[in-house]
Amino acid sequence: MANAFYAVRRGRRIGIFNTWDECRVHVDQFSGAEFKKFKTLAEAQNFLTAKPLTDRFPNVVPSVPSSPTKTGGLARIRALLAKARSQGAFPTGIQSARPLSTEIQHGNIPSAEAAPLAGAPPIPSVEVKRKYTKRARRKSTSSVKVRKRKSKGGLKARLSISGSTGLGIKRRGPYRRRRKQRKESAYKEGYTVCYTDGACVANGRRKAKAGFGVYWGANDPRNVSERLTGLQTNNRAEIEACCRAIEQAKSSGIQNLEIRTDSRYVINCVTKWIHQWRLNNWTSANGHPVKNKADLTRLVALSESISVNWVHVAGHAGISGNEAADKLAREGISK
Numbered sequence: 001m002a003n004a005f006y007a008v009r010r011g012r013r014i015g016i017f018n019t020w021d022e023c024r025v026h027v028d029q030f031s032g033a034e035f036k037k038f039k040t041l042a043e044a045q046n047f048l049t050a051k052p053l054t055d056r057f058p059n060v061v062p063s064v065p066s067s068p069t070k071t072g073g074l075a076r077i078r079a080l081l082a083k084a085r086s087q088g089a090f091p092t093g094i095q096s097a098r099p100l101s102t103e104i105q106h107g108n109i110p111s112a113e114a115a116p117l118a119g120a121p122p123i124p125s126v127e128v129k130r131k132y133t134k135r136a137r138r139k140s141t142s143s144v145k146v147r148k149r150k151s152k153g154g155l156k157a158r159l160s161i162s163g164s165t166g167l168g169i170k171r172r173g174p175y176r177r178r179r180k181q182r183k184e185s186a187y188k189e190g191y192t193v194c195y196t197d198g199a200c201v202a203n204g205r206r207k208a209k210a211g212f213g214v215y216w217g218a219n220d221p222r223n224v225s226e227r228l229t230g231l232q233t234n235n236r237a238e239i240e241a242c243c244r245a246i247e248q249a250k251s252s253g254i255q256n257l258e259i260r261t262d263s264r265y266v267i268n269c270v271t272k273w274i275h276q277w278r279l280n281n282w283t284s285a286n287g288h289p290v291k292n293k294a295d296l297t298r299l300v301a302l303s304e305s306i307s308v309n310w311v312h313v314a315g316h317a318g319i320s321g322n323e324a325a326d327k328l329a330r331e332g333i334s335k
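Residue numbers (the UniProt record's numbering): 1 to 335.
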């Protein structure tokens, strides 16, 4: 028989425990924990049920905002509570000494742990979880949900009443959903923008055909659409398009050029891998010679002669400049 009883009225778990070690798990570093040691089980039970029965609502989820007027007003809560009572959401025989709206307005949120009914036999140990599972919510016999969403920067609230899980009001922060998408006109200040692309049919095969395109703008005479010479591969076409863009920039007196391409291969080659390849005598990590060495050497030499800002854009994503460069590259295949 236990020498002492440890009652936890507020903590991670509510109940009566036989040892301090069991009790400490549920109250240690828990803000506002309420617990006490008793010599008898009856005293521990009285501590748990210290509040009057009329001030307890067993079916109320304790996630209620301190000011319900911000999430729909007291009138909406009263109406939903009335409907819940008519559907049997609250046990008969339990009446509130004051209206629930008054309790909420003064910050006295009813507890989720129900006190035992009058005349019921004492319970030696009681443990109540503070959160209802999703499965329990699905098994609700009746439910009413009201959603209210305010303008930007406002609050989003959800109030639901169910036959088995009771009333729950949740307060959520502002509803924000942002998409990071580069605009056509948002380029680096002081840099001239062009789009490059390469295309290849039957890439990697004997009868492959490749072309490349450079797009400076609508009806711009510098726009390029040509057939690739030499080995016909898509990567070589991408490299050649960038080389041509830099050559055009230099001949036009452009010192700051932003190249937008959908080829991560080209960007990684000139900004990351090239340094290690040079140290390794143009040998890749797997010990094989680096492919397209001559083309990459030319591209790096050209990019070092002016300031180039490399920008990756998503291919076939509706970006007009990229779509135009892709069209020029595909047209170049047939030339």
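Using N, Cα and C, we set each Cβ at its ideal position, and we do this for glycine too. Quantities reported herein were computed from a predicted structural model and do not represent experimental measurements.
Residue 311 is positioned such that its CB atom lies closer than 8 Å to that of residue 260.
When the Cα atoms are used, residue 22 and residue 16 turn out to be separated by approximately 9 Å.
Look at residue 208 here: in three-state DSSP terms it is coil, with no helix or strand label. The C-beta separation of residue 325 from residue 215 comes to about 4 Å, placing the pair in contact by the 8 Å criterion. The secondary-structure analysis by DSSP pairs residue 234 with nothing; it has no beta-bridge partner. Scanning the segment 296-328 for uninterrupted beta strand (DSSP E) segments of 3 residues or longer gives 307-312, listed from N- to C-terminal end.
Going by beta carbons, residue 299 and residue 270 fall inside the 8 Å limit. Only exposed fits residue 279, as fewer than 16 other CB atoms lie within 10 angstroms of its CB. Judged by their CB atoms, residue 47 and residue 7 are nearer to each other than the 8 Å cut-off. Sixteen is the threshold: since fewer than 16 other Cβ atoms of the shown chains lie within 10 Å of the Cβ of residue 320, the residue is exposed. About 6 Å separates the CB atoms of residue 306 and residue 250; that is less than 8 Å, so the two are in contact. Exposure of residue 189 is indicated by the presence of fewer than 16 other C-beta atoms within 10 angstroms of its C-beta.
At the C-beta level, residue 192 and residue 254 come within 8 Å of one another.
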